[in-house]
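Peer 1: Counted the way mature numbering (1 follows the signal peptide of the UniProt record, and there is no 0) counts, the sequence shown spans residues -21 to -1, 1 to 259.
Cβ coordinates follow ideal geometry from the N, Cα and C atoms, glycine included.
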Amino acid sequence: MKKISALAALMLCLFVIHADAQTLTSKWNSEATLSVPEAVLLDAKNNVIYVANIDGKPDSVDGAGFISQLTPDGKIKNLKWVTGLDAPKGMGLVKNTLYVSDIHRVVAIDITAGKISQRIDIAGSAFLNDITVDDKGNVYVSDTGTGKIHKIVNGKAEVFFESQDIKSPNGLLALKEGLYIADFGTGAFHKLGWDKKLTKIGTIVAGSDGIVQLEKDKFLVSSWYGEAHTITASGAVEKVLDTKDQKLNAADIDFDSKTRTLYVPTFFANTVAAYTLGKK
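1. By DSSP, does Ala153 sit in helix, in strand, or in coil?
2. Since Val19 contacts Tyr204 with CB under 8 Å, what's their CB separation in whole angstroms?
3. Note down, in chain order, each residue of its chain lying with its Cβ closer than 8 Å to the Cβ of Gln97, except the 5 sequence neighbours on either side.
4. Pop quiz: Ile82 and Phe106 are said to be a contact at Cβ under 8 Å. What is the actual Cβ separation, rounded to whole angstroms?
5. Taking the C-alpha atoms as reference points, what is the distance between Ala207 and Asp221?
6. In the DSSP assignment, find the unbroken beta strand (DSSP E) run with Leu13 in it and report its ends.
7. Check the C-beta distance from Pro37 over to Pro244 and give it rounded, since I have them as a contact under 8 Å.
8. Flag this pair as yes or no: are the beta carbons of Glu141 and Thr125 separated by less than 9 Å?
9. Helix, strand or coil: how does DSSP classify Lys223 here?
10. Given Arg239, which residues of its chain have a CB within under 7 Å of its CB, disregarding the five upstream and five downstream residues?
11. Can you look up Phe163 in the DSSP assignment and give me helix, strand or coil?
12. Spatial neighbours of Gly189 within its chain, please: C-beta separation below 6 Å, excluding the five flanking residues on both sides.
13. Between which two residues does the beta strand (DSSP E) holding Pro244 run?
14. Within a Cβ cutoff of 7 Å, which residues of the same chain sit near Leu166, ignoring the five residues on either side of it in sequence?
15. When DSSP labels each residue in this structure, what does Ala207 get in the three-state scheme?
16. Here's a check: name, in chain order, each residue in its chain whose Cβ is nearer than 6 Å to the Cβ of Ala(-16), leaving out the five neighbours to either side.
17. Please name the residue, chosen from His129, Phe45 and Ser147, that lies closest to Gly103 on a Cα-to-Cα basis.
18. Near Ala212, which residues of its chain fall below 6 Å by C-beta distance, leaving aside the five closest residues on each side in sequence?
19. Does DSSP put Phe45 in a helix, a strand or coil?
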């Protein structure tokens, strides 16, 4: 029993990293029955977590991808809630419609019916990745392959922004003041005002993936390789999670500000991991 307790204590230490009194503590892990989970999205109104499962290679057009539903405590509610996608990634919710990026298109899902209601092709796209929505219900999707950010209004897509300063946009977060962008290749973190003025806030690490807001002027950005960092509006960066040694990726995350729970899809480990974020 002493050996088991010592091992448990060691594992807990591996999953808790202190950074200026900010901590992430392991809360729960889902069963490893997911299949290459790339993104999670909490739907607090319906008390469910959506999980985008690639179920294959990230660029395979094979119809194998699917969306799962988890309960807020990590139990599998419906493993294959919606099927027939290729390699689903980022998600965004507008009223009763869940938008999901799917390589070359964005798929709209009616969450009441649990069925695909529309497939929106993005002309010239290469690798559609993250999705965010603004307060008007507009949908934005990053194309990590072309460097473009597209906007979908009333079911139609258009190029919203592209710049030589952003090589491979991945994570997106739309807020009142503008669009925050994490670059997968360079790790750069930018703010794009709604007036299209681009401001570099700082640099995190390569593999930058999902973005969540923790509080005003403070964000948490995951790195697909298995890290998460906080970054402030002034560009101060601190590591709060590192699971690379455990071979756990940290893909497109979500955050519940009420319970201070961070949800992390682990990609190749086929789970979603939840962590409690401690207050400073």
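Peer 2: So, from the listed chains and residues:
1. Along the sequence shown, read from residue 1 onward, the residue named residue 153 stands at position 174. Here Ala153 sits in strand by DSSP.
2. Within the sequence shown, the letter at position 40 stands for residue 19. Within the sequence shown, the letter at position 225 stands for residue 204. The Cβ separation is near 18 Å, so there is no contact.
3. The residue labelled residue 97 in the question sits at position 118 within the sequence shown. Result list for Gln97: Val86, Ala87 and Gly134, in chain order.
4. Working through the sequence shown from its first residue, we reach residue 82 at position 103. Working through the sequence shown from its first residue, we reach residue 106 at position 127. About 7 Å; that satisfies the 8 Å criterion.
5. Within the sequence shown, the letter at position 228 stands for residue 207. Within the sequence shown, the letter at position 242 stands for residue 221. Whole-angstrom Cα-Cα distance: 7 Å.
6. The residue you call residue 13 lines up with position 34 of the sequence shown. Looking at the DSSP string, Leu13 is not in any beta strand (DSSP E), and its letter there is neither H nor E.
7. Translated into positions along the sequence shown, residue 37 becomes position 58. Translated into positions along the sequence shown, residue 244 becomes position 265. That pair is no contact at about 13 Å.
8. The sequence position of residue 141 within the sequence shown is 162, counting from 1. The sequence position of residue 125 within the sequence shown is 146, counting from 1. In this structure, Thr125 lies closer than 9 Å to Glu141 by Cβ.
9. If you number the sequence shown from 1, residue 223 lands on position 244. In this structure, Lys223 counts as coil in the three-state DSSP scheme.
10. For the purposes of this step, residue 239 is identified with residue 260 of the sequence shown, where counting begins at 1. Within the same chain, Arg239 has close Cβ partners Thr255 and Leu256.
11. In the sequence shown, counting from the first residue as 1, residue 163 sits at position 184. Here Phe163 sits in coil by DSSP.
12. Here residue 189 refers to the residue found at position 210 of the sequence shown. Excluding positions up to five away in sequence, the list reads Gly150, Ser201, Asp231 and Ile232.
13. As a position in the sequence shown, residue 244 is number 265, starting the count at 1. Pro244 -> beta strand (DSSP E) spans Thr240 to Pro244.
14. In the sequence shown, counting from the first residue as 1, residue 166 sits at position 187. Residue 166 is actually Gly in this sequence, not Leu. Around Gly166: Thr182, Ile183, Val184, Ala185 and Ser187.
15. As a first step, residue 207 must be located in the sequence shown, where it is residue number 228. It is a strand residue.
16. To locate residue -16, count along the sequence shown from 1; it is residue 6. In this predicted model, Ala(-16) has a pLDDT of only 42, less than 50, meaning its place in the structure is not dependable enough to derive any value.
17. Residue numbering aside, residue 103 sits at position 124 when the sequence shown is read from its first letter. Gly103 has its Cα closest to that of His129, out of His129, Phe45 and Ser147.
18. Locating residue 212 in the sequence shown gives position 233, counting from the first residue. Correct list, in chain order: Asp196.
19. As a first step, residue 45 must be located in the sequence shown, where it is residue number 66. Of the three classes helix, strand and coil, the one that applies to Phe45 here is strand, per DSSP.
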